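Remarks on the structure that follows.
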Amino acid sequence: MASSERTASDEPGLGFSTRAIHHGYDPSHHSRAVSHPIYTTSTFAFDGVADLDAAAALGGRLYAREFNPTTALLESRLANLEDAEDAVVFASGMAAFGALILSLLSQDDELIVHQTLYSNTTTMTEQGLPRFGIKTVPVDLGNPASLDTVLTSRSKAIYFETPINPTGDVLDIEAIAERARRAGLLVFVDGTFASPALQRPLQHGADIVLHSLTKYVSGHGDLLGGALLGRTELIEKIRDRGLRYITGAVLSPMVSSLILRGIKTLPLRMDRHGSNAISIARMLGSHPAVGWVNYPFLPSHPRHAIARRQMSAGSGMLSFGLRGGFDVARRFLDHLELITLAVSLGDAETLIMHPASLVRARLAVRPEARLQRGVGDDLIRLSVGLENEADLLRDLEQSLNRL
Ligand code: PLP
């Protein structure tokens with residue numbers, strides 16, 4: 023149940039930044055506090071049984087797994103920014119994915135996925151879901167027609183990321199969604215690498231959008247969160263099954279408040295992530311130590327036209343490979359002085375990761391660890407942050423020049 027407080031700032035025609043700051047909140051309803059309050063309650067008091075009847079019948083204001091006013095404001099604001107009817111938030115992006123699949127798919131259903139996904143999503147689809155009788159069918163959606171080759175009478179939904187983790191490459195949402203719809207599939211798109219400031223997949227035919235709020239949406243690398251957005255009919259099912267009794271993975275109101283704070287600067291931050299990233303992509307593309315660069319907003323990128331059609335600008339995510347591959351990549355990371363070697367993305371700090379090194383390190387504890395399909399052992403993923411462009415370029419160049 024998203025908050026429905028109407029304010030002057032909800033008039034139609036307001037821009038994204040204005041809505042990111044004001045949507046759904048009216049200070050006059052909250053002791054004139056300009057910033058929203060954090061409701062830390064786990065339960066709600068009823069003014070007699072008639073009030074209990076009314077609250078229960080509305081499906082909310084009973085218990086904090088089902089409703090919290092701070093979290094409801096976050097859901098309402100996210101839905102507004104994504105142009106979605108409704109939104110439901112979770113304790114992490116993975117919790118959102120789990121609730122999505124376990125709410126809308128059943129035993130014997132098949133889930134078609136793009137062959138390259140965030141590594142834990144792949145683990146869930148390959149190892150988790152088969153235990154519940156849900157089969158995952160990976161396919162290369164870089165060619166949308168390949169979807170037709172894996173369809174069966176059990177195909178229920180399709181799931182892909184765009185831009186894709188960790189390559190940063192894009193998939194054509196409209197072309198894939200059109201084929202999927204013809205086959206009667208639900209279309210789920212993970213838009214974490216773009217955020218709603220740059221891309222709104224529902225406008226291109228998706229049924230549900232997933233965001234890890236841990237990344238760009240909150241933007242400061244200090245929390246975990248996830249969201250699903252789409253038509254009320256689907257979101258209500260997920261809230262009522264997934265959140266209420268399947269996973270129970272609710273977001274705390276403290277964290278909802280931090281995410282609301284982050285959202286106020288989302289468009290500003292995405293501008294800076296993107297302008298830093300294109301400069302870095304250009305520098306990498308012309309450096310002799312660099313073998314290849316994948317950033318779809320470089321005009322030379324083979325999917326540049328698709329990126330421009332479905333995104334308003336590039337985000338801070340790019341990947342590249344060094345001549346010399348795996349060993350040279352490790353030396354390059356060790357020479358960096360400013361840029362931080364860390365997993366995750368979308369933070370103010372520029373973060374860099376070498377998935378092949380991560381896999382090698384994980385083999386000790388997870389013998390089944392391996393690189394995603396479509397990811398080579400030379401691939402370096404860069405989440406370009408908000409530092410000064412010149413400082414980032416200098417750090418990357420000094421490390422490249424030492425190889
Ligand atoms: N989707 C993508 C594209 C991701 O990169 C991640 C995490 O890195 C997730 C989902 C999972 O989100 P979380 O880490 O918030 O569980």
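Residue numbers (my numbering): 23 to 425. For glycine and all other residues, C-beta sits at the position ideal for the given N, C-alpha and C. Everything numeric in this text was worked out from a predicted model, so none of it was measured.
- Residue pairing of HIS233 in beta bridges, as defined by DSSP: ALA249.
- Between the alpha carbons of VAL135 and LEU208 lies a gap of roughly 12 angstroms.
- Taking C-beta atoms as the reference points, GLU104 and LEU265 fail to come closer than 9 angstroms.
- VAL315 has its alpha-carbon roughly 10 angstroms from the corresponding atom of SER322.
- Counting only runs that start and end inside the region 317 to 383, the alpha helix (DSSP H) elements of at least 4 residues fall at 326 to 332, 347 to 357.
- Non-local beta-carbon contacts of GLU107 in its own chain, meaning distances under 8 angstroms to residues more than five positions away in sequence, involve ALA101, GLY252, ARG253, THR254, ILE257 in chain order.
- Assignment of SER177 by DSSP, reduced to helix, strand and coil, places it in the strand class.
- If you ignore the 5 residues before and after ASP194, its C-beta comes within less than 7 angstroms of the C-beta of PRO166, ILE328, all in its own chain and listed in chain order.
- The closest heavy atom of the ligand PLP lies 8 angstroms or more from the beta carbon of TYR267.
- Separation of the CB atoms of ALA303 and LEU425 is rounded to 19 angstroms, and the pair is thereby denied contact status at 8 angstroms.
- Beta-bridge annotation (DSSP): ILE134 is paired with VAL159, ILE180.
- With respect to the 9 angstroms criterion, VAL365 and LEU373 are classified as neighbours on the basis of their beta carbons.
- Only exposed fits VAL387, as fewer than 16 other CB atoms lie within 10 angstroms of its CB.
- Between MET339 and GLY150, the C-beta gap is not smaller than 9 angstroms, which leaves the two residues out of contact.
- By a beta-carbon distance limit of 8 angstroms, VAL192 contacts PRO318. Their separation comes to about 5 angstroms.
- In this structure, the alpha-carbon of VAL211 lies about 43 angstroms from that of VAL71.
- Contact check for ALA370 against ARG291 passes: the beta carbons are separated by less than 9 angstroms.
- Annotated three-state conformation of GLY241 is coil, per DSSP.
- Cβ-Cβ separation between GLY213 and GLN221: approximately 6 angstroms, consistent with a contact (criterion under 8 angstroms).
- By alpha-carbon distance to LEU280, the top candidate from VAL239, GLY336, GLY313 is VAL239.
- The three-state reading of DSSP puts THR62 in coil, since its state is none of H, G, I, E or B.
- Look at the beta carbons and you see the region 382 to 401 touching the region 347 to 355: at least three pairs across the two are nearer than 8 angstroms.
- Leaving aside the five residues that flank VAL272 on each side, the residues in its chain whose CB is nearer than 6 angstroms to its CB run, in chain order, ARG87.
- Taking the Cβ atoms as the reference, GLU132 lies roughly 15 angstroms from SER168, outside the contact range of under 8 angstroms.
- Taking a C-beta distance under 9 angstroms as the contact criterion, LEU232 and PHE119 qualify as a contact pair.
- Here VAL397 is buried, its C-beta having at least 16 other C-beta atoms within 10 Å.
- With a cutoff of 9 angstroms on beta-carbon distance, THR92 and ILE60 are scored as near each other.
- The beta-bridge partner set that DSSP reports for SER405 consists of MET339, LEU373.
- In this chain, the alpha helix (DSSP H) harbouring VAL277 covers 275 to 285.
- A residue is called buried when at least 16 other Cβ atoms come within 10 angstroms of its Cβ; GLN332 meets this threshold and is buried.
- In the DSSP annotation of this structure, ASP75 is not part of any beta strand (DSSP E); the continuous alpha helix (DSSP H) holding it starts and ends at 71 to 79.
- In the three-state scheme derived from DSSP, where H, G and I count as helix and E and B as strand, GLY313 is classed as strand.
- Here PHE210 is bridged, per DSSP, to TYR181, ILE230.
- Annotation for ASP162 indicates a beta carbon at 8 angstroms or more from all heavy atoms of the ligand PLP.
- If you draw a straight line from the Cα of ILE186 to the Cα of LEU404, it is about 13 angstroms long.
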